[in-house]
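Counting with this note's numbering, you get residues 632 to 908 for the letters of the sequence shown. No residue lacks a Cβ here, since even glycine has one placed at the ideal position from N, Cα and C.
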Amino acid sequence: MSAPERIPPRGVTTAGPAFADLLARGELTVRGRIQDASNAALYCTVAHEGREAACVYKPVAGERPLWDFPDGTLAQREVAAYAVSEVTGWGLVPPTVLRDGPYGEGMCQLWIEASAEDGLLALVDAEEPEPGWKAIGLADVGEGRTALLVHADDERLRRLAVLDAVVNNADRKGGHLLTTDTGHLYGIDHGVTFNAENKLRTLLWGWAGEPLTPDAVEALERLRTALEPAGELTGVLAGLITPAETDATRARVDALLASGRHPEPGGDWPAIPWPPV
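Laid out in structure tokens, this is it:
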């Protein structure tokens, strides 16, 4: 018997139905635990019909209760974020499915091999960012000193900022940004998303108040069509989040299109996650 074909190669840039099918139908084998995850996250392989891939499996049973999200819903929210990302056409979230596994139902997501150096975040000893960078805010670097935390003025990050605004991401940290060897950017860890209340908390505030790009407007228009009452995305989300949360997602898309601008931080919720990275 030949060894299974291992996919995807380093630097995969596409998120096609074939990967989601493999994740959903393949035999899931736990290989280890990801130690720094806040909820149970298991490194696994999934194999089916001669193909094999690495993946992350987060069982619902391993989710810690949160005061502002219903218990046992984080896995579904991760899958919902993937569904929204796919409609944009940007491929910002790795293929993600909801399936049964060794520890019960959970989220299963394709493992992405990130490049060692992405250059998307930096600490600089300056009051203003240099060209090509956007300011996030001051960070404590110890011994009573501060430095300016900045992120790259990068179209890939800008797209992710729009996606986060749509899904109402309450925890976009620097460690959730993965860049492949080919330069494709993925965002991971979307468990605290889709709350009906505004909870956007992110490092990607560099474009706050600036006009949306034509590319972003086109993606948002696709989302608005897909989120119509009989739309394809509305049907998918119905099995993952509540009707009120779907309505709120639709309202956020409408608000972004109406304003034509990136959202700005509100005053009712911390704007930046802690720790930021």
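Check: Around the Cβ of Leu780, are there at least 16 other Cβ atoms within 10 angstroms (buried) or fewer (exposed)?
Finding: Working through the sequence shown from its first residue, we reach residue 780 at position 149. So Leu780 ends up on the buried side.
Note to self: Using CA atoms only, rank isn't needed, just tell me which of Ser746, Thr660, Arg790, Tyr713 is closest to Tyr734.
What the structure shows: Counted from its first residue, the sequence shown places residue 734 at position 103. In this structure, Thr660 is the residue among Ser746, Thr660, Arg790, Tyr713 with its C-alpha nearest to the C-alpha of Tyr734.
Next item on the list: Measure the alpha-carbon distance for Thr777 versus Ile767 and round it to whole angstroms.
Entry: Walking along the sequence shown from the start, residue 777 turns up at place 146. Walking along the sequence shown from the start, residue 767 turns up at place 136. In a straight line, the C-alpha of Thr777 is about 13 Å away from that of Ile767.
Checklist line | Burial state of Ile872, where buried means 16 or more other Cβ atoms lie within 10 Å | finding: Translated into positions along the sequence shown, residue 872 becomes position 241. With 16 or more other Cβ atoms within 10 Å, it is buried.
Note to self: Whole angstroms are fine: how far does the CA of Ala692 sit from the CA of Tyr674?
What the structure shows: To locate residue 674, count along the sequence shown from 1; it is residue 43. To locate residue 692, count along the sequence shown from 1; it is residue 61. Tyr674 and Ala692: Cα-Cα distance of roughly 16 Å.
Next item on the list: Could you tell me the boundaries of the alpha helix (DSSP H) in which Tyr674 lies?
Entry: Start at 1 with the first residue of the sequence shown, and residue 674 comes out as number 43. Under the DSSP assignment, Tyr674 falls outside any alpha helix (DSSP H), being part of the beta strand (DSSP E) whose first and last residues are 673–679.
Next item on the list: State the Cα-Cα distance for the pair Val710 and Phe700, rounded to the nearest angstrom.
Entry: The sequence position of residue 710 within the sequence shown is 79, counting from 1. The sequence position of residue 700 within the sequence shown is 69, counting from 1. Cα to Cα, the separation comes out at about 16 Å.
Notebook entry, point to check: With a CB to CB cut of under 7 Å and the five nearest residues on each side skipped, what residues in its chain are close to Leu858?
Noted result: As a first step, residue 858 is located in the sequence shown; it is residue number 227 there, counting from the start. Around Leu858: Leu864, Thr865, Thr880, Arg881, Val884.
Notebook entry, point to check: Going by alpha carbons, who is nearest to Thr833 out of Val823, Asp802, Gly814?
Noted result: By one-based count along the sequence shown, residue 833 stands at place 202. Comparing alpha-carbon positions, the option among Val823, Asp802, Gly814 lying closest to Thr833 turns out to be Asp802.
Checklist line | Cβ contact (3+ pairs, closer than 8 Å) linking the region 894–905 and the region 832–846 | finding: Result yes; three or more Cβ-Cβ pairs closer than 8 Å.
Next item on the list: For Ala741, count neighbouring C-beta atoms within 10 Å of its own C-beta (all shown protein chains included) and say buried if the count is 16 or more, exposed if not.
Entry: As a first step, residue 741 is located in the sequence shown; it is residue number 110 there, counting from the start. This sequence places Leu at residue 741; Ala is not what is there. Leu741 counts as buried, since no fewer than 16 other beta carbons sit within 10 angstroms of its beta carbon.
Check: Nearest to Ala783 by CA position, among Gly837, Ala861, Arg708, is which residue?
Finding: Residue 783 sits at position 152 when you count from the first residue of the sequence shown. Considering only alpha carbons, the answer is Gly837.
Notebook entry, point to check: Does the beta-carbon of Glu895 have 16 or more other beta-carbons within 10 angstroms, so that it is buried, or is it exposed?
Noted result: Taking the sequence shown and counting its residues from 1, the one referred to as residue 895 is at position 264. Under this definition Glu895 is an exposed residue.
Note to self: For Val867 and His679, I'd like the C-alpha separation in whole angstroms.
What the structure shows: Taking the first residue of the sequence shown as 1, we reach residue 867 at position 236. Taking the first residue of the sequence shown as 1, we reach residue 679 at position 48. Counting only the Cα atoms, His679 lies some 25 Å from Val867.
Check: Looking only at its own chain, which residues have a Cβ that is under 8 Å from the Cβ of Arg892, when we skip the five neighbours before and after it?
Finding: On the sequence shown, residue 892 is found 261 positions in, with the first residue counted as 1. Non-local beta-carbon contacts of Arg892 in its own chain, meaning distances under 8 Å to residues more than five positions away in sequence, involve Gly840, Glu841, Pro842, Leu843 in chain order.
Check: According to DSSP, what are the bridge partners of Val755?
Finding: Start at 1 with the first residue of the sequence shown, and residue 755 comes out as number 124. Bridge partners of Val755: Leu779.
Checklist line | Residues of its chain near Cys739, where Cβ-Cβ distance is below 6 Å and the 5 sequence neighbours each way are ignored | finding: Numbered from 1 along the sequence shown, position 108 holds the residue referred to as residue 739. If we look at Cys739 and ignore the five residues flanking it on each side, its Cβ neighbours are Leu654, Cys686, Tyr688, Val728, Arg730.
Note to self: Can you look up Ile903 in the DSSP assignment and give me helix, strand or coil?
What the structure shows: Along the sequence shown, one-based indexing puts residue 903 at 272. Ile903 falls in the coil class under three-state DSSP.
Notebook entry, point to check: Hey, how far is the Cα of Ala712 from the Cα of Asn800?
Noted result: Residue mapping note: residue 712 aligns to position 81 of the sequence shown, counting from 1. Residue mapping note: residue 800 aligns to position 169 of the sequence shown, counting from 1. Ala712 and Asn800 have their C-alpha atoms roughly 9 Å apart.
Next item on the list: Please say whether Thr810 and Ser746 have beta carbons closer to each other than 7 Å?
Entry: Position 115 of the sequence shown, counted from the start, is the residue given in the question as residue 746. Position 179 of the sequence shown, counted from the start, is the residue given in the question as residue 810. Against a cut-off of 7 Å, the Cβ pair of Thr810 and Ser746 comes out as a contact.
Item checked: Nearest residue (CA-CA) to Pro696, options Leu887, Gly822, Gly806, Pro726 -> Position 65 of the sequence shown, counted from the start, is the residue given in the question as residue 696. That would be Gly822, whose Cα lies nearest to the Cα of Pro696.
Checklist line | Element boundaries [beta strand (DSSP E), containing Val947] | finding: This structure cannot speak to residue 947, because the chain is shown only from 632 to 908.
Item checked: Of the residues Ala869, Asp820, Gly806, the one placed nearest Val724, counting alpha carbons only -> In the sequence shown, residue 724 corresponds to position 93, counting from 1. Nearest C-alpha to Val724: Asp820.
Notebook entry, point to check: Under three-state DSSP, which class holds Phe825?
Noted result: Locating residue 825 in the sequence shown gives position 194, where the first residue counts as 1. In this structure, Phe825 counts as coil in the three-state DSSP scheme.
Item checked: Arg664 versus Gly732: straight-line alpha-carbon distance, rounded -> Against the sequence shown, residue 664 aligns to sequence position 33. Against the sequence shown, residue 732 aligns to sequence position 101. If you take the alpha carbons of Arg664 and Gly732, they lie about 14 Å apart.
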